[in-house]
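Protein chains in written order, with the numbering used here: chain Z, 59 to 189; chain E, 168 to 651. Notes follow the structure.
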Amino acid sequence: MSETPKDLRYTKTHEWVKTMPDGSVAVGITDHAQQLLGDLVFIELPKVGAEYAAGKECAVVESVKAASDIYAPVSGKIVEVNTRLGDAPETVNKGAYGDGWLFRMQPRNPDDLKSLLDAAAYAALVEAEGH
Amino acid sequence: MLIFELSRSGRRNPSQSPSVMPVVEDIPQHLLRRKRPILPEVSEMQAVRHYTRLSQKNFSIDTHFYPLGSCTMKYNPRACNAFSMLPQFLARHPLASPATGQGFLACLFELQEILKDVTGMKAVSLTPMAGAQGEFAGVAMIRAYHESRGDVSRTEILVPDAAHGTNPATAVMCGYTVREIPTDANGGIDIERLRAAVGPQTAGLMLTNPSTLGVFERDIQEVQLIVHKAGGLLYYDGANLNAILGKVKPGNMGFDVIHMNLHKTFSTPHGGGGPGAGPVGVNERLLPFLPVPVVAQARDGRYVVETEEEHPQSIGRLSAYMGNAGILLRAYVYARLLGRTGMRRVAEFATLNANYMMARLKQQGFTAAFPARRATHEFIITLKPMKDATGVIAMDVAKRLLDKGFHAPTTYFPMLVPECFLIEPTETESKEELDSFIAAMVAIAHEAQINPELVKNAPHTTVVRRLDDVRAARELDLRWRAPD
């Protein structure tokens, strides 16, 4: 079974979002998503400074099975990307919620975070998708 | 072992060399190479053994049942090969005058006519060299059409999420943004979401029918009306044409443009990247934009090659000369062997075989992804229940099938269905072959229960055991380097 930490927020498109002490948010893919994709072989991250509207593709994760778009969970600016993933995409498979984070964003409007799913709602979504 | 590793300096094999080497004197000095290329030096017998052994390691349609969904791996009749390899075809120079190539041009003209007839379109161009290029040509024509009318505000192409993965890529290559339309619970396009998505920004919709979910779209008429009413055009991805060949025509469904994969539906050899052929068919509206060259028949019956001169609004050329001529000839022979009635039988038996397999597998306890829907020429089962009960995943079952003498179906595609197999038997398999595949699936399901490790470690009997596809993707190594 996949993990769904209680202190994170989630999107319907299987990203997790964690609010950092400085108000920025870290974004990654959920444990469920990495299990579905299987071993990752390539990750394309956004550029620092780029701005995205919520729901826009901003990164790509590629596994031996498929390439999947990663969507910006909220509108905002990219402030940091996890450069370690370039040489070691498997980091996401090993710890989707820890070292496997993809990028940090500065949300344009922190209230947007409230519209994201909580752990229970995301777990229910995964259940409903029948995976 | 690579053939380069068999090489010994000075070993020669002159019997296959041309008896007269052409004298080439007009190549400028600076273009001539200074060093001899590093080529393997082996005897004729070494070369024969090397490549024969390699071919024996291969799983192919000539040796094994190959139910790779979405790929239409049907038998390639030998007659198609034999006729297209006639010396008069092989030795023809592509720049030879049409006067000396009337036979060749007649074949291409008739192939255009046959494809028009079977798709219900007004005209066909054979020049795209692959399915993806056919798609590109199709969407480029949609773009040219809107631009010719000064209608430049159309920036969006709609693509259902059950379409072929190449569709969104094609739209982007043609400068459009892609809007995805979701699938409803029964695997069909979600009509309400489509209705909400169309507008003055809609350039067109790309539809794969039957879809990659192995079901026929049931609301084609509705889809067609919605998109056309919004001013968009309809693109038909013909990759799955095998299911409807000769039975229903995309032109009659109201589609404006279609591409066909001759290397699937018309049985030309494929796999390993080609060569393919992806002709495009258009209705009246898109006629002026058709890629050139096309073959036409003059009043006196002669065949002529038409280019930009006759088609000034053409989107242009997609290949040198006439596309993959040898492949087009094979498709032509195939079509002539079948005739109109034969083509209908292709679709009938392709769908019958798929429905038979789906029904039998369901009886044996396998789970169809869309149990309420009839299969098309292919269908999806999900091995999720097996995974939950035994820990054996779809990939393990795929590998174990190799031990039992079957190429695996397509795995983990489409991604909408977990632990899935997309199974496409094609019309060319016998009932006995289908039954033995089903028996192998039942045997593997049993093994998964009593000895899951056996399945998880498969294949056991192949020349190469389970490949490390993750390492292959992460550390791509395709180049041989000569030792210093």
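Backbone N, C-alpha and C define an ideal beta-carbon position, used for all residues, glycine too.
- Item | Closest by C-alpha distance to tyrosine 499 (chain E), when choosing among E:His260, E:Lys529 and E:Thr432 | E:Thr432
- Look at the Cβ atom of proline 446 (chain E), then the Cβ atom of serine 292 (chain E), and state whether they are nearer than 8 Å. yes
- Endpoints, alpha helix (DSSP H) assigned at glycine 509 (chain E): 492-530
- Query: When the Cα of alanine 612 (chain E) is compared with those of E:Ile590, E:Ala565, E:Asp651 and E:Val631, which residue comes out closest?
  - Reply: E:Ala565
- Bridge-paired residues (DSSP) for lysine 135 (chain Z): Z:Glu109 and Z:Gln164
- Query: Assuming leucine 173 (chain E) contacts proline 204 (chain E) under a Cβ cut-off of 8 Å, what Cβ separation, rounded to an integer in Å, is found between them?
  - Reply: With 8 Å as the limit, leucine 173 (chain E) and proline 204 (chain E) do not qualify as a contact, their Cβ atoms being about 17 Å apart.
- Query: Would proline 592 (chain E) be called buried (16 or more neighbouring beta carbons within 10 Å of its own) or exposed?
  - Reply: buried
- Query: Can you list, in chain order, the residues of its chain whose CB lies under 7 Å from that of leucine 235 (chain E), leaving out five sequence neighbours each side?
  - Reply: His574, Pro576, Thr577 and Glu591
- Where aspartate 423 (chain E) and tyrosine 312 (chain E) are concerned, what is the direct C-alpha to C-alpha distance, given to the nearest angstrom? 11 Å
- Using alpha carbons as the reference points, say which of Z:Pro165, Z:Asp170, Z:Asp169 and Z:Phe161 lies closest to leucine 23 (chain Z). Since the first residue shown for chain Z is 59 and the last is 189, residue 23 (chain Z) is missing from the structure and cannot be characterised.
- Task: Figure out for me which residue from Z:Val137, Z:Asp176 and Z:Ala181 has the closest Cα to the Cα of glycine 206 (chain Z).
- Result: Nothing in the structure corresponds to residue 206 (chain Z), since chain Z is present only between 59 and 189.
- Message: Do arginine 67 (chain Z) and leucine 183 (chain Z) count as a contact pair if the criterion is CB distance below 8 Å?
- Response: no
- Item | Closer than 8 Å to chain E by CB, aspartate 80 (chain Z) | no
- Which of the three DSSP states, helix, strand or coil, is assigned to glutamate 148 (chain Z)? helix
- Message: Residues of chain E with CB closer than 9 Å to the CB of aspartate 97 (chain Z), please, in chain order.
- Response: Asp636, Val637, Ala640 and Arg641
- Query: Looking at the C-beta of lysine 114 (chain Z), does it have a partner C-beta in chain E at a distance below 8 Å?
  - Reply: no
- Query: Would you say lysine 123 (chain Z) reaches chain E, if we count a Cβ-Cβ gap shorter than 8 Å as a contact?
  - Reply: yes
- Using alpha carbons as the reference points, say which of E:Lys598, E:Ile547 and E:Phe537 lies closest to asparagine 353 (chain E). E:Phe537
- Which whole-angstrom value describes the C-beta separation of isoleucine 228 (chain E) and asparagine 243 (chain E), a residue pair presumed to lie in contact below a C-beta threshold of 8 Å? 7 Å
- Query: CB-CB under 7 Å to arginine 385 (chain E), same chain, minus the five flanking residues each way: which ones, in chain order?
  - Reply: Gly355
- Task: Per DSSP, which residues does tryptophan 74 (chain Z) bridge with? Please list them.
- Result: Z:Tyr68 and Z:Gly86
- Item | chain A within 8 Å of tyrosine 343 (chain E), Cβ atoms only | Of the protein chains in the structure, Z and E, none is chain A.
- Message: Quick check on this structure: which residue in E:Pro265, E:Arg362, E:Ser186 and E:Gly371 has the alpha carbon closest to the alpha carbon of alanine 465 (chain E)?
- Response: E:Pro265
- Task: Pull up the distance between the alpha-carbon of valine 738 (chain E) and that of isoleucine 309 (chain E), whole angstroms please.
- Result: For residue 738 (chain E) there is no data in the structure shown, the boundaries of chain E being 168 and 651.
- Tell me the start and end of each unbroken beta strand (DSSP E) in the stretch 347-382 of chain E that is at least 3 residues and wholly inside, in chain order. 369-375
- Query: Shortest alpha-carbon distance to alanine 246 (chain E) belongs to which of E:Ala539, E:Lys623 and E:Arg497?
  - Reply: E:Arg497
- Query: Helix, strand or coil for alanine 539 (chain E) per DSSP?
  - Reply: coil
- Please confirm whether proline 458 (chain E) and alanine 336 (chain E) have their CB atoms less than 8 Å apart. no
- Task: Could you tell me whether any Cβ in chain Z is nearer than 8 Å to the Cβ of methionine 553 (chain E)?
- Result: no
- Query: What residues of chain Z sit near methionine 582 (chain E), judged by a beta carbon separation below 7 Å?
  - Reply: Ala124
- Task: Taking only the alpha-carbon atoms, compute the straight-line gap between valine 118 (chain Z) and alanine 290 (chain E) and give it to the nearest angstrom.
- Result: 39 Å
- Are three or more beta carbon pairs between the stretch 410-424 of chain E and the stretch 372-391 of chain E nearer than 8 Å? yes
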